[in-house]
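Asker: Number 335 marks the last residue of the sequence shown (the UniProt record's numbering); no jumps.
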Amino acid sequence: MNAIPHLLTPVRSGKVESVDDLVLQCPRCRQCAGTISRSHAPERADLICATCLITLRLRRGIWNALLPEREAYFAKFLDNYEAIRSAEGRGSSDSAFYLALPDKDLSGKNEEQWKIRRRTFQCLETEIIGPIASRVARGLDILDLGAGNAWLSYRAALRGHRPVAVDLIDNDFDGLCAAQHYRQRIPGMFPRVRAEFDYLPFSMDQFDVVIFNASFHYSEDYARTLSEALRCVRRPGWIVIADTAWYRHESQGEEMLRERAAIFTDRFGTASNALNSREFLTDERLQALEQSYGLRWQRFDPQYGIRWRMRPFIAKLRGRREPSRFRIYVAEVTR
Numbered sequence: 001m002n003a004i005p006h007l008l009t010p011v012r013s014g015k016v017e018s019v020d021d022l023v024l025q026c027p028r029c030r031q032c033a034g035t036i037s038r039s040h041a042p043e044r045a046d047l048i049c050a051t052c053l054i055t056l057r058l059r060r061g062i063w064n065a066l067l068p069e070r071e072a073y074f075a076k077f078l079d080n081y082e083a084i085r086s087a088e089g090r091g092s093s094d095s096a097f098y099l100a101l102p103d104k105d106l107s108g109k110n111e112e113q114w115k116i117r118r119r120t121f122q123c124l125e126t127e128i129i130g131p132i133a134s135r136v137a138r139g140l141d142i143l144d145l146g147a148g149n150a151w152l153s154y155r156a157a158l159r160g161h162r163p164v165a166v167d168l169i170d171n172d173f174d175g176l177c178a179a180q181h182y183r184q185r186i187p188g189m190f191p192r193v194r195a196e197f198d199y200l201p202f203s204m205d206q207f208d209v210v211i212f213n214a215s216f217h218y219s220e221d222y223a224r225t226l227s228e229a230l231r232c233v234r235r236p237g238w239i240v241i242a243d244t245a246w247y248r249h250e251s252q253g254e255e256m257l258r259e260r261a262a263i264f265t266d267r268f269g270t271a272s273n274a275l276n277s278r279e280f281l282t283d284e285r286l287q288a289l290e291q292s293y294g295l296r297w298q299r300f301d302p303q304y305g306i307r308w309r310m311r312p313f314i315a316k317l318r319g320r321r322e323p324s325r326f327r328i329y330v331a332e333v334t335r
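What follows is the structure, given as structure tokens:
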């Protein structure tokens, strides 16, 4: 794992042809369930697995590929998450709010977070996605994991890429249904899929880039989650982890979790710990994934401004724990 300014490894296979069909697979038995269009999504349809009879339902333009037992498993987490996000003032009834993301938070309620997202996206676009697209000489098939309201997928579609947005949350203020606001600006709506990271409903080798969009830390098992992403990515392809907190030491991350639980309990009435999520990264955790899958992480450091760079020094002067840092980690997958 090392820090480098650019993706230096060339694409070995030259131009890669891409087709419009996206092959969905049953999240239970892993058999093919059918194909859908990457560029046009109807409002309602069903795909039934011929092997185990699981039905993937398309409602309001969103494919639901979450297994019934997993729906129950995530129920408390989803209730807590949506309640907290609503209390934080996420979302809007105005399309202009979504169309401005991540450049501006027109609601003014979460401006600092969107400043971080904006800087992350600028780095992602100029130093990672742009160079990859230049090498393969076409728009990219991008899997946006943890898409939320699908702002990143929207931005990718505007730039000629073909995203697929995935999240557990499908509400119309902060989840996948909120992507309806982008219809007025793009020629065809990209696929939106309600699914969990460990049971992705896609056949293998269909994406050039898989982006964990401020979402990798929700995983309960980093190795399993990464394995699913690797199954879905082409060769060559890229795995991107963006906006997941990094700590120098495990103890600092654990201290952060205790602090957050206390704050959330006081403010929202819940510690928001229904899942056993891994929550943060360390060099040791990243190195373990490198060794397990034969990867090499490349680190990118978005420029969040002087105040952000000063946070570790200020924390040290005040006798507080070292704050988190946000980096982008990228691994090229060649085998």
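Positions of the beta carbon are idealized from the N, C-alpha and C atoms, including for glycine.
#1: From D144 to T225, what does the alpha carbon distance come to, in whole angstroms?
#2: Any idea what DSSP makes of E332, helix, strand or coil?
#3: What residue does the alpha helix (DSSP H) around residue 368 start on, and which one ends it?
#4: Just to confirm my understanding: we take E254, look at its own chain, exclude 5 residues before and 5 after, and list those with CB closer than 8 Å. What are they?
#5: With three or more C-beta pairs closer than 8 Å as the rule, is the stretch 235–254 touching the stretch 264–284?
#6: Since I believe K76 is in contact with A274 (beta carbons under 8 Å), could you give me their beta-carbon distance rounded to a whole number of angstroms?
#7: From S13 to P236, what does the alpha carbon distance come to, in whole angstroms?
#8: At what residues does the beta strand (DSSP E) containing A245 begin and finish?
#9: Would you say E228 and L200 are within 7 Å of each other, going by their C-beta atoms?
#10: Give me, in chain order, the residues of the same chain whose beta-carbon lies closer than 6 Å to that of R311; leave out the 5 immediate sequence neighbours on both sides.
#11: Decide if I36 is buried, meaning its Cβ has at least 16 other Cβ atoms within 10 Å, or exposed.
#12: Below 7 Å CB to CB, which residues in the same chain sit around E111 once its five sequence neighbours on both sides are set aside?
#13: Rounded to whole angstroms, what is the Cα-Cα separation between W151 and C49?
#14: Give the secondary structure of L99 by DSSP, where H, G and I count as helix, E and B as strand, and everything else as coil.
#15: How far does the beta strand (DSSP E) with S37 in it reach, from first residue to last?
#16: With a 10 Å radius around its C-beta and 16 neighbouring C-beta atoms as the bar for buried, classify I328 as buried or exposed.
#17: Taking just the CA atoms, how far does S92 sit from W114?
#18: My assumption, with CB atoms under 8 Å, is that residue 336 sits in contact with N149. Please give the rounded CB distance.
#19: Do I186 and A157 have their beta-carbon atoms positioned less than 7 Å apart in this structure?
#20: Could you name the residues of the same chain whose beta carbon sits closer than 8 Å to that of L78, not counting the 5 residues immediately before and after it, in chain order?
Answerer: With the given structure in hand:
#1: Answer to the nearest angstrom: the Cα atoms are 14 Å apart.
#2: For E332, the secondary structure class from DSSP, reduced to helix, strand or coil, is strand.
#3: The structure shown does not extend to residue 368, since the chain spans only 1 to 335, so no value can be given for it.
#4: Answer for E254: no residue qualifies.
#5: Judged by Cβ distances under 8 Å, the stretch 264–284 makes contact with the stretch 235–254, as three or more pairs qualify.
#6: Confirmed, about 4 Å.
#7: Confidence is the limiting factor: at S13 the pLDDT is only 33, short of 50, which leaves the residue's position unreliable and the question unanswerable from this model.
#8: V233 to W246 is the extent of the beta strand (DSSP E) around A245.
#9: Yes.
#10: Here the set comprises P323.
#11: By the 10 Å Cβ count, I36 comes out buried.
#12: Leaving aside the five residues that flank E111 on each side, the residues in its chain whose CB is nearer than 7 Å to its CB run, in chain order, D105.
#13: Each residue's alpha carbon lies about 31 Å from the other.
#14: For L99, the three-state secondary structure derived from DSSP is helix.
#15: That run of the beta strand (DSSP E) goes C32 to S37.
#16: Buried, since its Cβ has 16 or more Cβ neighbours within 10 Å.
#17: Cα to Cα, W114 sits roughly 15 Å from S92.
#18: Given that the chain is displayed from residue 1 to residue 335, the structure contains no residue 336 and the question cannot be resolved.
#19: For A157 and I186, yes; Cβs fall inside 7 Å.
#20: Sequence-distant Cβ neighbours of L78 in its own chain, meaning closer than 8 Å and more than five residues away, are L168 and I169.
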